[in-house]
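Sequence lines, in order, name chains A and B. For the first sequence, our numbering assigns the number -14 to the initial residue and increments by one for each residue that follows. For the second sequence, our numbering assigns the number 18 to the initial residue and increments by one for each residue that follows.
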Amino acid sequence: MFEGLLAALTPSLLLYLCIGVLAGILVGALPGFTATMGAALMLPFTFTLEPAEGFAMLAALYVATMFADSVPACLVNTPGTPSAVATALDGFAMTKQGRGQAALIASCFSALIGTFVGGITFLLLANPLTDVALTFGPPEFFWIGIFAITVIGSVAGNSLLKGIAGGALGMLIGAVGISSTGAVPRYTFGIPELLGGISIVAALIGIFAIPQVIDMVRNRHADPHVADFTKRKGTARETIWGLARRPVNVLRSSVLGTAIGILPGAGSPIASLVSYNEAKRWSKDKASFGRGNIDGVVASEAAGNAAAGGSIIPLVSLGIPGSAPAAVILGALLLQGLKPGPELFSSDATLVYTFAWSIILAGVVTFVAGMLLSGSLARMVLIPVRLLAPCILFLSVIGAYAIRNSMMDVYLMLGLGVAVYFLAQLGFHPGPIGLGVILAPIIEPALVESLSIAQSSSAVEVFFGRPLCIALIVLTIVSMVWVGVTRYKDARDARSAARMEPPEVPVPQADQTTSESVGSR
Amino acid sequence: MKYLAILAAGTVALGVAACGGGGSSPSADAELNCRSIDFIVPYAPGGGSDRQVRRMQPHLEEALGTKINVNYMEGGDGAIGWQALAGKKPDGCTVSNVVAPNIMLLTSSGQNVGFTAEDFEYLGWSETTPNVLAVAADSPYKTIDEFVAAAKANPGKLTVAGVGEVGELLTAETQNSTGTKISYVPVSGGVGAIVPDILGGHVDAGTIGAAHVAESEGRLRALAMTGTEKLESLPDVPTYEEAGYGPATLGTAWGVIAPSGTPEAIVKTWNEAIADAVAKEKQQIIEAGLIPLEQDVDEARDYVQKMTDALTAARETVEN
């Protein structure tokens, strides 16, 4: 194990690691560019490298992207990749309160811890955990997806009903294109370009970035900047000290993220959403989630990063990638002539340990880079909206196009964005819509596969007869009940608070006084 | 204003970067006059098509004297990438990976996909693999006969996973060849999603390319193979016919295509470059569990017909 660490600490490997981190920060910070894309772009450069160096570079890019996607999420409410959707909820609220730098610091600190937990798990528990991961089949993934839907309860804003409707809309958007079994085109209206559906990344840019841009532009006179920010010495120290003193959240999120990352196909987006939900559930200050609670940022980012480390585990121990970027890394390893699997562990254990240490080191480098950049990045919010908004729009268009060189993705992104803007005016929060888009490609194939498997026994047995499924169903029911109870209590508390205090009255104009309309004690 | 300058610089830099790292190296070949080559891969990075292209990339760049940019255009089971190719100029500067019989399946499905399989110039096929019926190494079925016996004793109870329309056809072929009734489980997300299902025991078997079994180093066992050729990397696996069952012919092949109307001279240049790449990567291709193909231009064209015929034959046996 320690030869692996020594091998990882060679200057050339560290050099490639740092290059990977820098590339990852760039990729993550630009909305529309995903870790998968970045890894694919970097792939040819790894051919001339040693396997360990090539892996280090790609893993570093993956880890750094998972951190950097929180930058646009926190600063301009636009997730840099789908894994940052939950981060934007509290991160942007923090920025509006002038705490943007603290949000970014929390994010890179969570990246450090999350990656560390993921990497250590890889080092110590790779093989037994992979066996556990294999017991998750299509029915289990179906129920995980349903459980993830209950996250809507946390991100829906004021109206749960509108949240559910938004989630359903998101899933419908995800259904466009050829069905998961490859046979039937849906909602393509005969247009061949729609056969590929709407790319998730383009959809998320549309759902989050475009309404934000429209909002910024409409309010540009009232709010010439996104938020205020003054750099204060000691922000970094305070933030980290504050987080280090309450380790439960970050550790729980990291463990959860690693666990979800190990399941092939789940990945960072699911990990960060579920972790955010759990952080809110166990928090003593639930109401502040979505309004700038730093724990929300920590939960989402720690899990997202831990999932990156977690998804490498089945990659190396089974040759099955746990996520899309891991699939690219698998391709890189195969092209180098390596065959991931138990044989690799026995024939070249040092190399495998070097992989694990590379992940941990990537977390450290990302943390340092994040700390150094947090101040300057946070100052981005001081750029006047009339310059920032067009920039974001420009990057969104390029990002949507870059996914597969398709103008159709750009048009869909813009159309979706305008539609979601109007929906937001009607009280539909974009969060659940984004959630639906992310979950549709997980839930539907799992459902179809499970039903097909049920041909050999019965649907009841497949969906309700497996122990893991039952556990997940119980979790889902508990989650739903919890959502219902909390909302009922919040509504009841809000009503009694309204009875006890006068509501805030607007500044009286002329001879208008409104206080007599309030029943005061 | 400071911010304006920074923003402007940043945006310009991004714009330049986004225009792609277009190679400025002059083309050494008189016939191929491209600033850079746009190589479309209509599937996700990390998959079989990606690996085919990446394996050939350095050799193609050398032979053609031009830099290659790989462009992933995933979606619609290949439709998005091939649609895009159909609209490009036939100057040999934009090509795409092609997978058979997938492209033929798409165009014969009756829906408008924006192109037909005949709309392209086939520059060459690089590798092929038969499809196998694979089970987990710890499965109770050690030979194809045991599997068939179990399937016959429990019609409809054994589950076999496959990918997309090809998977459905492959499983149907298997049933036809062995005279059994099996439940088909469609899996999305490529073979990467099938393997955990097999290993975890969620399905009894899967119909996948032989290459994936060869790669799996003993975690998967192939019971029988389609086609008539033996595979070096899986010497103990019989073909369906060898094992005494009816014929099963569907294999998978990877190649390169260009828009129709590409001049013959350019087609020939590409064909030679591909053959060169395959020759240089022969050992790696074989170790990956694939069969390398070396064909001239006419052979490449004939191969298209061969795959189309195999597809038709498979469909007919299945429907009868």
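Just so it is clear, CB atoms sit at the ideal spot from N, CA and C, and this is done for glycine as well. Please read all numbers here as calculations on a predicted model, not as lab measurements.
Exercise for review: Return the CA-CA distance between L154 of chain A and I418 of chain A, expressed in angstroms with no decimal places.
Suggested key: Indexing the first sequence from 1 puts residue 154 of chain A at position 169. Indexing the first sequence from 1 puts residue 418 of chain A at position 433. When rounded, the distance between both Cα atoms is 6 Å.
Practice item. Go through its chain and collect everything with a Cβ distance to G40 of chain B's Cβ below 7 Å, but skip five positions before and after it. Key: Position 23 of the second sequence, counted from the start, is the residue given in the question as residue 40 of chain B. In this prediction, G40 of chain B scores a pLDDT of 40, lower than 50, which makes its location untrustworthy; the coordinate-derived value is nonetheless stated afterwards. Closer than 7 Å at the Cβ level, and outside the excluded window around G40 of chain B, lie R52, S53, T83 and K84.
Review point. For V12 of chain A, is the classification buried or exposed, using 16 other Cβ atoms within 10 angstroms of its Cβ as the cut-off for buried?
Key: Here the question's residue 12 of chain A lines up with position 27 in the first sequence. That one is buried.
Practice item. Rank A:T243, A:W267 and A:P124 by C-alpha distance to the C-alpha of S257 of chain A and give the top, closest one. Key: For the purposes of this step, residue 257 of chain A is taken as the residue at position 272 of the first sequence. Out of A:T243, A:W267 and A:P124, A:T243 has the C-alpha closest to the C-alpha of S257 of chain A.
**Study point:** Within chain A, the residues that M90 of chain B reaches when beta carbons sit closer than 9 Å
**Key:** Position 73 of the second sequence holds residue 90 of chain B. Near M90 of chain B (Cβ distances below 9 Å), the residues of chain A are G181, I388, R389, N390 and S391.
Practice item. Report the residue from B:K174, B:A189, B:G173 and B:P172 whose alpha carbon sits nearest the alpha carbon of V180 of chain B. Key: As a working mapping, residue 180 of chain B is identified with position 163 in the second sequence. It is B:A189.
Practice item. Kindly indicate if chain A contains any beta-carbon less than 8 Å away from that of S41 of chain B. Key: Numbered from its first residue, the second sequence carries residue 41 of chain B at position 24. At S41 of chain B the pLDDT is 40, less than 50, meaning the model places this residue with poor confidence and gives no usable figure here.
Practice item. Taking K324 of chain A as the query, report the chain B residues whose CB atoms sit under 8 Å from its CB, ordered along the chain. Key: The sequence position of residue 324 of chain A within the first sequence is 339, counting from 1. In chain order: E232 and E234.
Check your understanding: Residues in its own chain within less than 6 Å of P147 of chain B by CB, not counting five upstream and five downstream?
Key -> For the purposes of this step, residue 147 of chain B is taken as residue 130 along the second sequence, with counting starting at 1. The answer, listed in chain order, is A227, M242, T243, G244 and G268.
Review point. Based on the DSSP secondary-structure assignment, which residues constitute the bridge partners of F56 of chain B?
Key: As a working note, residue 56 of chain B is residue 39 in the second sequence. Under DSSP, F56 of chain B shares a beta bridge with B:V87 and B:V112.
Point to revise | Residues near L323 of chain A in its chain [Cβ-Cβ closer than 7 Å; skip 5 each side] | key: Here residue 323 of chain A is taken as the residue at index 338 of the first sequence, counted from 1. So the qualifying residues of the chain are P36 and L329.
Review point. For a contact meaning CB atoms closer than 9 Å, what does Q100 of chain B contact in chain A?
Key: By one-based count along the second sequence, residue 100 of chain B stands at place 83. Per Cβ cutoff of 9 Å: P177, E178, L180 and G181.
Review point. Between which two residues does the beta strand (DSSP E) containing A178 of chain B stretch?
Key: Along the second sequence, one-based indexing puts residue 178 of chain B at 161. From DSSP, the beta strand (DSSP E) with A178 of chain B extends over T176 to V180.
Review point. By a C-beta neighbour count over all protein chains shown, 10 Å radius and 16 as the cutoff for buried, is G38 of chain B buried or exposed?
Key: What you label residue 38 of chain B is simply residue 21 of the second sequence in a count that begins at 1. Residue confidence is low: G38 of chain B scores 41 on pLDDT, short of 50, so the model does not pin down where it sits. Its coordinate-derived value is still stated next. Result: exposed.
Review point. What's the C-alpha gap between L146 of chain A and I137 of chain A?
Key: Taking the first residue of the first sequence as 1, we reach residue 146 of chain A at position 161. Taking the first residue of the first sequence as 1, we reach residue 137 of chain A at position 152. Looking at the two C-alpha atoms, the distance is approximately 10 Å.
Check your understanding: How big is the Cα-Cα spacing for G294 of chain A and P29 of chain A?
Key -> Taking the first residue of the first sequence as position 1, residue 294 of chain A is located at position 309. Taking the first residue of the first sequence as position 1, residue 29 of chain A is located at position 44. Rounded to whole angstroms, G294 of chain A to P29 of chain A spans 22 Å at the Cα level.
Point to revise | Length of the line joining the Cα atoms of E281 of chain B and L378 of chain A | key: For the purposes of this step, residue 281 of chain B is taken as the residue at position 264 of the second sequence. For the purposes of this step, residue 378 of chain A is taken as the residue at position 393 of the first sequence. Between E281 of chain B and L378 of chain A, the C-alpha separation is close to 44 Å.
**Study point:** For A270 of chain B, the residue or residues it bridges with in DSSP
**Key:** The count along the second sequence starts at 1 and reaches residue 270 of chain B at position 253. DSSP output for A270 of chain B lists B:A117 and B:T145 as bridge partner(s).
Point to revise | Near-chain A residues of the stretch 196 to 211 of chain B - C-beta to any C-beta below 7 Å | key: S200, Y201, V202, P203, V204, S205, G206, G209 and A210
Review point. Does any residue of chain B bring its CB to less than 8 Å from the CB of G250 of chain A?
Key: One-based indexing of the first sequence puts residue 250 of chain A at position 265. Answer yes: the Cβ-Cβ gap between G250 of chain A and chain B drops below 8 Å somewhere.
Review point. Start and end of the alpha helix (DSSP H) containing T115 of chain A?
Key: For the purposes of this step, residue 115 of chain A is taken as the residue at position 130 of the first sequence. Where T115 of chain A is concerned, the enclosing alpha helix (DSSP H) stretches over G85 to L119.
Check your understanding: Is the Cβ of I4 of chain A closer than 8 Å to any Cβ of chain B?
Key -> In the first sequence, residue 4 of chain A corresponds to position 19, counting from 1. Chain B, which has no Cβ nearer than 8 Å to the Cβ of I4 of chain A, makes this no.
Exercise for review: Please decide whether A331 of chain B counts as near chain A, where near means a Cβ-Cβ distance under 8 Å.
Suggested key: Against the second sequence, residue 331 of chain B aligns to sequence position 314. So, not an interface residue.
Point to revise | Environment of S391 of chain A [buried if 16+ CB atoms lie within 10 Å] | key: For the purposes of this step, residue 391 of chain A is identified with residue 406 of the first sequence, where counting begins at 1. By the neighbour-count rule (16 or more Cβ atoms within 10 Å), S391 of chain A is buried.
Check your understanding: Which residues in the same chain as V149 of chain B place their Cβ atom closer than 8 Å to its Cβ, once the five residues preceding and following it in sequence are excluded?
Key -> Taking the second sequence and counting its residues from 1, one reaches residue 149 of chain B at position 132. Cβ neighbours of V149 of chain B beyond the five flanking positions: T224, I225, G226, A227, V230, A239, L240, A241, M242, T243, L251 and V254.
Check your understanding: Y201 of chain B by DSSP, collapsed to three states: which one?
Key -> Indexing the second sequence from 1 puts residue 201 of chain B at position 184. The answer is strand: DSSP assigns Y201 of chain B an E or B state.
Review point. Which same chain residues, not among the five before or five after A80 of chain B, have their C-beta less than 6 Å away from its C-beta?
Key: Position 63 of the second sequence, counted from the first residue, corresponds to residue 80 of chain B. Counting only Cβ-Cβ distances below 6 Å, and skipping sequence neighbours, we find A290 and D293.
Review point. Near A47 of chain B, what residues of its chain come up, given a Cβ to Cβ distance below 8 Å and the 5 sequence neighbours on each side ignored?
Key: Within the second sequence, numbered from 1, the residue matching residue 47 of chain B stands at position 30. Since pLDDT at A47 of chain B reaches only 44, below the 50 mark, its modelled position is unreliable, and the value read off the structure follows with that caveat. No residues qualify anywhere along the chain.
**Study point:** Nearest neighbour of V87 of chain B, chosen from B:E304, B:S66 and B:S200 [CA to CA]
**Key:** Numbered from its first residue, the second sequence carries residue 87 of chain B at position 70. Ranking the options by Cα distance to V87 of chain B, first place goes to B:S66.
Check your understanding: Does the Cβ of P43 of chain B have 16 or more other Cβ atoms within 10 Å, making it buried, or fewer, making it exposed?
Key -> Indexing the second sequence from 1 puts residue 43 of chain B at position 26. Reliability of the predicted coordinates at P43 of chain B is poor, the pLDDT of 40 falling under 50, and the value obtained from them is presented with this limitation in mind. Classification for P43 of chain B: exposed.
Practice item. Would you mind working out which of A:M465, A:Y47, A:I368 and A:I185 sits nearest H210 of chain A, comparing C-alpha positions? Key: Here residue 210 of chain A refers to the residue found at position 225 of the first sequence. Among A:M465, A:Y47, A:I368 and A:I185, the Cα nearest to that of H210 of chain A is on A:I368.
Practice item. Can you give me, in chain order, the residues of the stretch 115 to 147 of chain B that have a beta carbon less than 7 Å from any beta carbon in chain A? Key: Q128, N129, V130 and G131
**Study point:** Min CB distance D253 of chain B to chain A below 8 Å
**Key:** In the second sequence, counting from the first residue as 1, residue 253 of chain B sits at position 236. No - not a single Cβ of chain A is within 8 Å of the one on D253 of chain B.
Practice item. Could you name the residues of chain A that T176 of chain B contacts, counting a contact when the two beta carbons are closer than 8 Å? Key: Residue 176 of chain B sits at position 159 when you count from the first residue of the second sequence. Within 8 Å Cβ-Cβ: S437, I438, Q440 and S441.
Point to revise | V220 of chain B Cβ short of 7 Å to the ligand ATP heavy atom set | key: The ligand ATP is absent from the structure shown, which contains no ligands of any kind.
**Study point:** Neighbourhood of A296 of chain B by C-beta distance below 7 Å, restricted to the same chain and skipping five residues each side
**Key:** Working through the second sequence from its first residue, we reach residue 296 of chain B at position 279. Excluding positions up to five away in sequence, the list reads E311.
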